[in-house]
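Asker: The structure that follows is given in the form of structure tokens.
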Ligand code: SF4
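Residue numbers (our numbering): 62 to 401.
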């Protein structure tokens, strides 16, 4: 369904070309053409989104699967996506739907109004709606309208994102989106250009702005053998997080599995992930997690004060919480997060 887009402008009053200001690509789109994401189209000088009002995926997931480990732990999140993405990562785990408009030239989905999604979230016992699987920035109009409906029902809203939205969109999200997990894929601009067709700087800038806007932030880095797994690179990322965002930002180090255009690259060795975990802890981060390795002994949250387990997890399951008013029940150290 087409729906007029938000955050766009004409290049000049007598020029039918438009600039989309939803993500940092800031595509200039002539009439009859689409932006890089292939879901936003210029019809006679007006920008429309073509992914409003239908979803390609709807699932009830543990919030831990996003991953968000410090946001209402143990709750369920009603998770939705539309086709499309503003990145074209060679390792995308959801490429069948994220690259559908680009590779298949089509946009599929099942009709679902924002109010119906919010109602389904409530009915299924979810505490939040998650905009996830593909890149929610490119379906922002739909996500924000759904977030408004979810709010009315007392539900939270979370994004799982590549962090490439514009500051203008982040300001629109503030007050509606409560939590966000951002992929920080690497600490090198050439990795972003070569592997994702994007730039690093806007992502770094947004990490800071997300915190300034009061949106709960967790960061994920997919560790890919031979691509971003050197000690130097991992240390750069960990130290950047500590320095710019503080030691309480949770860092998820995720295991790569062969996918899409990188099906010839082997899965990340567990030893590399554990090396990354040590780099994160040595750099001063309080909460570092190895992801995509169910049962790994770093899945639980440890109190930075006394070292005891305060949230015990295996896989996406939370088994026990030893917290009192958001603090360690043993020593009283405050544990960072929302809804703890
Ligand atoms: S959302 Fe990003 S990629 Fe899509 S049209 Fe807008 S600026 Fe371009």
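Just so it is clear, CB atoms sit at the ideal spot from N, CA and C, and this is done for glycine as well.
1) Measuring alpha carbon to alpha carbon, tell me which residue in 393, 127 and 366 is nearest residue 195.
2) Closest to residue 181 by CA distance: which of 140, 156 and 235 is it?
3) Just checking residue 242 against the ligand SF4 - is the residue's beta carbon closer than 6 Å to any of the ligand's heavy atoms?
4) Report yes if the C-beta distance between residue 424 and residue 281 is below 7 Å; otherwise report no.
5) Give every residue of the same chain whose Cβ lies closer than 6 Å to the Cβ of residue 235, excluding the five residues on either side of it in the sequence, and list them in chain order.
6) Have a look at the DSSP bridge pairing and note the partners of residue 378.
7) Examine the Cβ distances between the region 214–230 and the region 238–246 and report whether three or more of them are shorter than 8 Å.
8) Unbroken alpha helix (DSSP H) runs of length 4 or more, entirely within the region 284–318: which are they?
9) Just grab the DSSP bridge partners of residue 119 for me.
10) Of all the options 364, 375, 376 and 368, which has the alpha carbon lying nearest to the alpha carbon of residue 401?
11) Could you say which of 319, 284, 188 and 267 lies nearest to residue 122 if we only look at CA atoms?
12) Out of 204, 190 and 117, which has the shortest C-alpha to C-alpha gap to residue 162?
13) Using the C-alpha atoms, what's the distance from residue 120 back to residue 403?
14) Under 8 Å, with one C-beta from each stretch per pair, do the region 72–79 and the region 130–138 reach the 3-pair mark?
15) Which residue comes first and which comes last in the beta strand (DSSP E) that contains residue 191?
16) For the ligand SF4, any of its heavy atoms closer than 6 Å to the Cβ of residue 276?
17) Assess, as a yes-or-no matter, whether the region 312–332 is touched by the region 371–383 under the definition of 3 or more beta carbon pairs within less than 8 Å.
18) As a quick exercise: from 167, 366, 359 and 164, pick the residue whose alpha carbon is nearest that of residue 338.
19) Within its chain, find whatever has a CB closer than 7 Å to the CB of residue 303; leave out the 5 residues flanking it on each side and keep chain order.
20) May I have the straight-line CA-CA distance separating residue 260 from residue 372, to the nearest angstrom?
21) Just to check my reading of the structure: residue 178 and residue 207 have Cβ atoms closer than 8 Å, yes? What is that Cβ distance to the nearest angstrom?
22) When we look at the beta-carbon of residue 254 and count the other beta-carbons within 10 Å, is it buried (16 or more) or exposed?
23) For residue 19, which residues of its own chain have a beta-carbon under 8 Å away from its beta-carbon, when the five flanking residues on both sides are left out?
24) What span of residues does the beta strand (DSSP E) with residue 77 cover, start to end?
25) Quick one: what's got a C-beta closer than 6 Å to residue 308's C-beta in the same chain, skipping five residues either side?
26) Measuring only from the beta carbon, is residue 86 closer than 6 Å to any heavy atom that is part of the ligand SF4?
27) Does any heavy atom of the ligand SF4 sit closer than 6 Å to the C-beta of residue 199?
28) Nearest to residue 192 by CA position, among 106, 175, 186 and 395, is which residue?
29) What number of angstroms, rounded off, separates the C-alpha of residue 241 from the C-alpha of residue 92?
30) Please tell me whether residue 186 and residue 137 are closer than 7 Å, where the distance is taken between their beta carbons.
Answerer: Taking the coordinates as given:
1) Here residue 195 is taken as the residue at index 134 of the chain shown, counted from 1. Selected option, being the one with the closest Cα: 127.
2) As a first step, residue 181 must be located in the chain shown, where it is residue number 120. Nearest C-alpha to residue 181 among 140, 156 and 235: 140.
3) Residue mapping note: residue 242 aligns to position 181 of the chain shown, counting from 1. No, the beta carbon of residue 242 sits no closer than 6 Å to any heavy atom of the ligand SF4.
4) Residue 424 is absent from the model: the chain starts at 62 and stops at 401.
5) Numbered from 1 along the chain shown, position 174 holds the residue referred to as residue 235. 274.
6) Taking the first residue of the chain shown as position 1, residue 378 is located at position 317. DSSP, once it has assigned bridges, lists 375 as partnering residue 378.
7) yes
8) The region 284–318 contains these whole alpha helix (DSSP H) runs: 292–306.
9) As a working note, residue 119 is residue 58 in the chain shown. For residue 119, which the question treats as bridged, DSSP gives the partners 141.
10) Here the question's residue 401 lines up with position 340 in the chain shown. It is 364 whose Cα lies nearest to the Cα of residue 401.
11) What you label residue 122 is simply residue 61 of the chain shown in a count that begins at 1. The shortest Cα separation from residue 122 among 319, 284, 188 and 267 belongs to 188.
12) The residue given as residue 162 occupies position 101 in the chain shown. With distances taken between Cα atoms, residue 162 lies closest to 117.
13) Summary: the structure shown does not reach residue 403, with the chain confined to residues 62 through 401, and so no result is reported for it.
14) no
15) Here residue 191 corresponds to residue number 130 of the chain shown, with the count starting at 1. Counted as a single uninterrupted DSSP element, the beta strand (DSSP E) harbouring residue 191 occupies residues 189–192.
16) Numbered from 1 along the chain shown, position 215 holds the residue referred to as residue 276. Incorrect: residue 276 has no Cβ contact closer than 6 Å to the ligand SF4.
17) Taking 8 Å as the limit for Cβ pairs, the verdict is that the region 312–332 does not touch the region 371–383.
18) Walking along the chain shown from the start, residue 338 turns up at place 277. Selected option, being the one with the closest Cα: 359.
19) Taking the chain shown and counting its residues from 1, the one referred to as residue 303 is at position 242. 344, 345 and 346.
20) Position 199 of the chain shown, counted from the start, is the residue given in the question as residue 260. Position 311 of the chain shown, counted from the start, is the residue given in the question as residue 372. Between residue 260 and residue 372, the C-alpha separation is close to 35 Å.
21) Counted from its first residue, the chain shown places residue 178 at position 117. Counted from its first residue, the chain shown places residue 207 at position 146. Here residue 178 really is in contact with residue 207; their C-beta atoms are around 5 Å apart, less than 8 Å.
22) Numbered from 1 along the chain shown, position 193 holds the residue referred to as residue 254. Exposed, because fewer than 16 other Cβ atoms sit within 10 Å of the Cβ of residue 254.
23) Residue 19 is absent from the model: the chain starts at 62 and stops at 401.
24) Residue numbering aside, residue 77 sits at position 16 when the chain shown is read from its first letter. Unbroken beta strand (DSSP E) run through residue 77: 76–81.
25) Here residue 308 is taken as the residue at index 247 of the chain shown, counted from 1. If we look at residue 308 and ignore the five residues flanking it on each side, its Cβ neighbours are 345, 346 and 347.
26) Along the chain shown, read from residue 1 onward, the residue named residue 86 stands at position 25. Result yes, Cβ under 6 Å from the ligand SF4.
27) Mapped onto the chain shown, residue 199 falls at position 138. Flag set: Cβ of residue 199 near the ligand SF4.
28) Here residue 192 is taken as the residue at index 131 of the chain shown, counted from 1. It is 175 whose Cα lies nearest to the Cα of residue 192.
29) Position 180 of the chain shown, counting from 1, holds the residue named residue 241. Position 31 of the chain shown, counting from 1, holds the residue named residue 92. Whole-angstrom Cα-Cα distance: 34 Å.
30) Position 125 of the chain shown, counted from the first residue, corresponds to residue 186. Position 76 of the chain shown, counted from the first residue, corresponds to residue 137. Result yes, Cβ atoms of residue 186 and residue 137 sit closer than 7 Å.
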